[in-house]
Amino acid sequence: MNFEFSEEQQMLREQARGFLAEHCTTAVVRAVLDDDSGWDRALWQKIAEMGWTATTVPEAYGGLGLSYYELAVIAEELGRAVAPVPFSSSVYLACEAINRFGTEGQKSAWLPRLASGECVAAFAMAERPGRLALEQLQTQRTADRISGTKTTVADAAVADVAVVLARTGSELELCLVPLKQDGVTIEPVLTLDSSRGHSNLVLKEAPTERLGDKPVTQAQWNRLLDGAAVLFSWEQLGVAESALLQARDYALQRYAFGRAIGSYQAIKHKLAAMYVKNTLARSNAYYGIWALAEGSDELSLAAATARVAAIQAASFAAEENIQTHGGMGFTWEFDCHFYYRRAKLLSLVIGSESVWQDRLVDALARQSAAAA
Amino acid sequence: MDFNDTPEEARFREEAADWLAENVPTDDSFRSLAPLQQAKMWQKRKYDAGWACIGWAPEFGGRGASPIEEVIWRQEESRYELPATFFLIGQGMIAPTLMAWASDEDKARFLPRLASGEEVWCQLFSEPAGGSDLAALRTRAERDGDDWIINGQKIWTSGAHYSDYGVIVVRTDPNVPKHKGLSYFYVDMKAPGVEVKPIKQLTGDADFNEVYFTDVRVADSCRLGEVGQGWQVALTTLMNERAAIGGGFGQMDVSLALSVAQGLEIDGQPALGNAAVREKIADWYVQEAGLKYTGYRSLTALSRGALPGPENSIGKLVGAPKMQAMASYLMDLLGASGAIADEKLAVKAGIIQRAYMGAPGLRIAGGTDEIMANIIAERVLGLPQEPRLDKGIPFNEVPTG
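In order, the protein sequences belong to chains A and B. If you want my numbering, it's the 1-based position in the first sequence plus 366. If you want my numbering, it's the 1-based position in the second sequence plus 2.
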């Protein structure tokens, strides 16, 4: 049984944690929340210099060619630090899509620049409120032009290119849309976590090319989301751990009725419940990253399990962290709201809890039918 | 990461599997024995071949196996349908206490016969006045020359009626604060003055007993630890309790829930298509898989010769309430017939109803949900204990209800 990260991967974790403790303090997050920039460009450049954006990009395209295990380690630390950078959009989603489906020319054109962090890529899926319904997508490509409106696209305002989900005829497609050109309008929208900028992306006859030489199948699309779900679950786990630690520290230092509030069972049991959810989420995230890195056919079940567990852990920890702080937790001045915002934001990307509960049950039913 | 054995582990697994394949009794004459006799016969057969309590030192009847080898052995043994074990408390909790605190002579006398199953032990800790607050126990032991005389009552004692020996924590000094006035003995369960009465549980079964002590005479040489050191000795036993109880939750798992839902309809549609049902099943699976992979993380630590972290402390706290919730919901899905407990008539042969009736006990035994949450908060997260109103007060001056 070897269900643990390697020593090198654990060293990477220490290094990432140390780096972010120095360069991504909560003051850095606060500064982005306080202005309208939607990201910290300087932090992004430092992260790129560390090579994190190149982690899983193949060496042939300027990447480090490392495994998903390394990416998971980095994701957890970025979550822990609630880093205000477009890492998930660019790395878990856009880079993955380009590497997985792109033509040789597209990979050569984009992957080296995304790996180096010189360029940022956004990933545009949703078009309207409610669950993503693939058969109802309105965004369409006609030859080398694309039209449609994508909503709540993370990091579009700072991205150079977007990978856009479209339906052309009866086929599902991913399209590459360079953003700094005519036909592209980026309308910033205020979200509940403005430390990560979001925009509506309005495309009118914008120049595009299809990613890859074929449409994407439903199975390929699901596989892309499964991989992203695992990586998001590690980032959410980092958020959950930070929220628990903050609540624990406060419970030790805050006194009421002559004693630390952490000595009251009402608070202890709350924090124990956070620890339980975080532990379940961590072990399921291990399952997810094992399935992703080893190419297991259990990936769809593992990814959904990791994602649901991470959503539940992060939301609970973030909510109860504020509750543990009492009135001070409701102030702008305390950092509790960073985790509250980020936990919710991350639970809404790539499908929210019920979407992944459904995927989990479908995967379980498939697995049990296959076993029968 | 991979789930495979190391080459040494694989060799050990093969050796264990080979021995089991040759030696697990299957004949009808074995099956016709009473459960305790079956268990004793199987345990002795393992002992004679060096497969009993394999983690113990050879002089105590084991083979000095590593923790990961013990896990592999349990995995292989659990592939067979074997008699229920009657030795968990003796071998899992009391033996480590004897190893830590008993004289060499007592270790040599008792441990091999614990390993071989020839002698069964029980644990006499809880009392009507001391459950979660165990140290509030009142059973007295008073010195009489070289002996002690024990008077009082114990409760929730598993297996007292078939045990040869028991370990008991008693109050030897009521004039000092509660933890300081305790001492720890082993007693002969057949001694005059020991009376065992079964407790009928809400399930209708009787797995536990009340044990009354009336002027029971115990030699001072049966004491483990110093007079007044009983609490520290008891902690050795309790530290091994969660390992012994944490275990599985029977057949009550998500695959059973899935199978029940697949056999039902809601308003003419498959129940498994119902959003509420799907949400429940997904959440239970998150818990079940989370516990499973937490176990794998601990096994990895053992495999590397390290101690597992505190993450395993969540097992019972997650598993027992999940079992209750799952059983309750599956009965809801079954509607009126969900109430049928007759195993010949009930869906899934009554597993669900038995799980529902048994779950309250699991949420209490070996540390209630609330105590488990306190343990996580205090030992893992480092939060302070609640202030204790009996702290530093002589036991006989502590307010009682």
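A virtual CB, placed ideally from N, CA and C, is assigned to each residue, including glycine. Nothing here was measured: the structure is a model prediction, and the numbers come from that model.
Nearest-angstrom Cα separation, counted from residue 73 of chain B out to residue 487 of chain A:
Here residue 487 of chain A refers to the residue found at position 121 of the first sequence. Here residue 73 of chain B refers to the residue found at position 71 of the second sequence. Their Cα atoms are separated by approximately 48 Å.
Scan the segment 290–305 of chain B for residues whose Cβ lies nearer than 7 Å to a Cβ of chain A and list them as they occur along the chain. 291, 292, 295, 296, 298, 299, 301, 302 and 305
- Message: Taking CB distances under 8 Å as the criterion, tell me whether residue 645 of chain A reaches chain B.
- Response: Sequence index remark: in the first sequence, residue 645 of chain A carries index 279 (1-based). So, interface residue.
* May I ask you to check if the CB of residue 10 of chain B is nearer than 7 Å to at least one heavy atom of the ligand FMN? => Of the ligands one can find in the structure shown there are none, so the ligand FMN has no counterpart to examine.
### Spatial distance of residue 658 of chain A from residue 79 of chain B (CA atoms)
For the purposes of this step, residue 658 of chain A is taken as residue 292 along the first sequence, with counting starting at 1. For the purposes of this step, residue 79 of chain B is taken as residue 77 along the second sequence, with counting starting at 1. Computed Cα separation, rounded: 32 Å.
My output table needs one value for residue 381 of chain B: the three-state DSSP class, helix, strand or coil. Counted from its first residue, the second sequence places residue 381 of chain B at position 379. Of the three classes helix, strand and coil, the one that applies to residue 381 of chain B here is helix, per DSSP.
* To do: Could you check what DSSP says for residue 176 of chain B in three-state terms: helix, strand or coil?
  => Numbered from 1 along the second sequence, position 174 holds the residue referred to as residue 176 of chain B. Residue state, collapsed to three classes: coil.
- For a contact meaning CB atoms closer than 9 Å, what does residue 5 of chain B contact in chain A? One-based indexing of the second sequence puts residue 5 of chain B at position 3. Simply 367, 368, 369 and 656.
- Message: Contact defined as beta carbons within less than 8 Å: I believe residue 490 of chain A pairs with residue 567 of chain A. What is the distance between those atoms, to the nearest angstrom?
- Response: For the purposes of this step, residue 490 of chain A is identified with residue 124 of the first sequence, where counting begins at 1. For the purposes of this step, residue 567 of chain A is identified with residue 201 of the first sequence, where counting begins at 1. Yes, residue 490 of chain A and residue 567 of chain A are in contact; Cβ-Cβ is about 5 Å, under 8 Å.
Whose C-alpha, out of B/60, B/283, B/301 and B/241, is nearest the C-alpha of residue 725 of chain A? Mapped onto the first sequence, residue 725 of chain A falls at position 359. The option with the nearest alpha carbon to residue 725 of chain A is B/283.
**Prompt:** Can you tell me the Cα-Cα spacing of residue 183 of chain B and residue 360 of chain B, whole angstroms?
**Reply:** For the purposes of this step, residue 183 of chain B is taken as residue 181 along the second sequence, with counting starting at 1. For the purposes of this step, residue 360 of chain B is taken as residue 358 along the second sequence, with counting starting at 1. Each residue's alpha carbon lies about 35 Å from the other.
Terminal residues of the alpha helix (DSSP H) in which residue 634 of chain A lies = Here residue 634 of chain A is taken as the residue at index 268 of the first sequence, counted from 1. Element bounds for residue 634 of chain A: 631–659.
Look at the alpha carbon of residue 378 of chain A and the alpha carbon of residue 461 of chain A, and state the distance between them as a whole number of angstroms.
Start at 1 with the first residue of the first sequence, and residue 378 of chain A comes out as number 12. Start at 1 with the first residue of the first sequence, and residue 461 of chain A comes out as number 95. So the alpha carbons of these two residues sit roughly 21 Å apart.
| What are the start and end residues of the beta strand (DSSP E) that includes residue 571 of chain A? | Here residue 571 of chain A is taken as the residue at index 205 of the first sequence, counted from 1. 564–573 is the extent of the beta strand (DSSP E) around residue 571 of chain A.
I think residue 716 of chain A touches residue 591 of chain A, with their Cβ atoms under 8 Å apart; what is that distance to the nearest whole Å? Here residue 716 of chain A refers to the residue found at position 350 when the first sequence is read from its first residue. Here residue 591 of chain A refers to the residue found at position 225 when the first sequence is read from its first residue. Sure, about 5 Å apart at Cβ, within 8 Å.
Label residue 31 of chain B either buried or exposed according to how many other C-beta atoms from any shown protein chain fall within 10 Å of its C-beta, with 16 as the threshold for buried. Counted from its first residue, the second sequence places residue 31 of chain B at position 29. By the 10 Å Cβ count, residue 31 of chain B comes out exposed.
- Query: First and last residue of the alpha helix (DSSP H) that includes residue 407 of chain A?
  - Reply: By 1-based counting over the first sequence, the position of residue 407 of chain A is 41. Start and end: 407–415.
Going straight from the alpha carbon of residue 131 of chain B to that of residue 8 of chain B, what length do you get? Start at 1 with the first residue of the second sequence, and residue 131 of chain B comes out as number 129. Start at 1 with the first residue of the second sequence, and residue 8 of chain B comes out as number 6. Cα-Cα distance, rounded: 50 Å.
Quiz prompt | Listed by chain order, chain B residues near residue 691 of chain A by CB distance under 9 Å | solution = Stepping through the first sequence from its first residue, residue 691 of chain A is reached at position 325. Within 9 Å Cβ-Cβ: nothing; residue 691 of chain A doesn't reach chain B, min ~15 Å.
Between residue 717 of chain A and chain B, is there a C-beta pair that is closer than 8 Å?
On the first sequence, position 351 is the one that residue 717 of chain A refers to. Residue 717 of chain A does not count as touching chain B.
How would you call residue 146 of chain B, buried or exposed, if buried means at least 16 neighbouring beta carbons within 10 angstroms?
Here residue 146 of chain B refers to the residue found at position 144 when the second sequence is read from its first residue. Answer is exposed; the Cβ neighbour count stays below 16.
Practice task
Let me know the secondary structure DSSP gives residue 287 of chain B once reduced to three states.
Solution key: Taking the second sequence and counting its residues from 1, the one referred to as residue 287 of chain B is at position 285. Helix at residue 287 of chain B.
Just mark residue 570 of chain A as buried or exposed, buried being the case when its beta carbon has 16 or more other beta carbons within 10 Å. Working through the first sequence from its first residue, we reach residue 570 of chain A at position 204. Per the 10 Å Cβ criterion, exposed.
Integer Cβ distance of residue 649 of chain A from residue 299 of chain B, believed to fall under 8 Å = If you number the first sequence from 1, residue 649 of chain A lands on position 283. If you number the second sequence from 1, residue 299 of chain B lands on position 297. With 8 Å as the limit, residue 649 of chain A and residue 299 of chain B qualify as a contact, their Cβ atoms being about 6 Å apart.
Would you be able to state if there are at least three C-beta pairs under 8 Å between the segment 217–231 of chain B and the segment 97–108 of chain B? yes
Exercise for review: Use the C-beta contact count for residue 339 of chain B: other C-beta atoms within 10 angstroms, 16 or more gives buried, fewer gives exposed.
Suggested key: As a working note, residue 339 of chain B is residue 337 in the second sequence. Classification of residue 339 of chain B: exposed, given that the 10 Å Cβ count is below 16.
Once you ignore the five residues that flank residue 116 of chain B on each side, which residues in its own chain have a CB closer than 7 Å to its CB? Residue 116 of chain B sits at position 114 when you count from the first residue of the second sequence. Cβ neighbours of residue 116 of chain B beyond the five flanking positions: 92, 93, 97 and 123.
Q.
For residue 662 of chain A, would you say it is in contact with chain B, using Cβ-to-Cβ distances shorter than 8 Å as the test?
A. For the purposes of this step, residue 662 of chain A is taken as residue 296 along the first sequence, with counting starting at 1. No, because no Cβ of chain B sits closer than 8 Å to the Cβ of residue 662 of chain A.
Measure the C-alpha to C-alpha separation of residue 376 of chain A and residue 70 of chain B and round it to an integer number of angstroms. Residue mapping note: residue 376 of chain A aligns to position 10 of the first sequence, counting from 1. Residue mapping note: residue 70 of chain B aligns to position 68 of the second sequence, counting from 1. When rounded, the distance between both Cα atoms is 23 Å.
field: Whole-angstrom distance between residue 713 of chain A and residue 258 of chain B, CA atom to CA atom
entry: In the second sequence, the residue the question calls residue 258 of chain B occupies position 256. In the first sequence, the residue the question calls residue 713 of chain A occupies position 347. In a straight line, the C-alpha of residue 258 of chain B is about 29 Å away from that of residue 713 of chain A.
Mind checking if residue 732 of chain A is an interface residue toward chain B, Cβ cutoff 8 Å exclusive?
By one-based count along the first sequence, residue 732 of chain A stands at place 366. So, not an interface residue.
| message | So with CB distances below 9 Å, who are the chain B contacts of residue 631 of chain A? | response | As a position in the first sequence, residue 631 of chain A is number 265, starting the count at 1. Near residue 631 of chain A (Cβ distances below 9 Å), the residues of chain B are 372, 375, 376, 379 and 388.
- Item | residue 573 of chain A beta carbon less than 8 Å from that of residue 511 of chain A | Walking along the first sequence from the start, residue 511 of chain A turns up at place 145. Walking along the first sequence from the start, residue 573 of chain A turns up at place 207. Going by C-beta atoms, residue 511 of chain A is nearer than 8 Å to residue 573 of chain A.
Q) Hey, does residue 281 of chain B have any beta-carbon neighbour from chain A nearer than 8 Å? A) Counting from one through the second sequence, the residue named residue 281 of chain B turns up at place 279. Interface residue, yes.
In the DSSP assignment, find the alpha helix (DSSP H) that holds residue 717 of chain A and state where it starts and stops.
Against the first sequence, residue 717 of chain A aligns to sequence position 351. Segment: none, residue 717 of chain A is in no alpha helix (DSSP H) and carries neither H nor E.
| request: Taking the CB atoms as reference points, tell me whether residue 445 of chain A and residue 600 of chain A lie closer together than 8 Å. | output: As a position in the first sequence, residue 445 of chain A is number 79, starting the count at 1. As a position in the first sequence, residue 600 of chain A is number 234, starting the count at 1. Contact flag set, yes.
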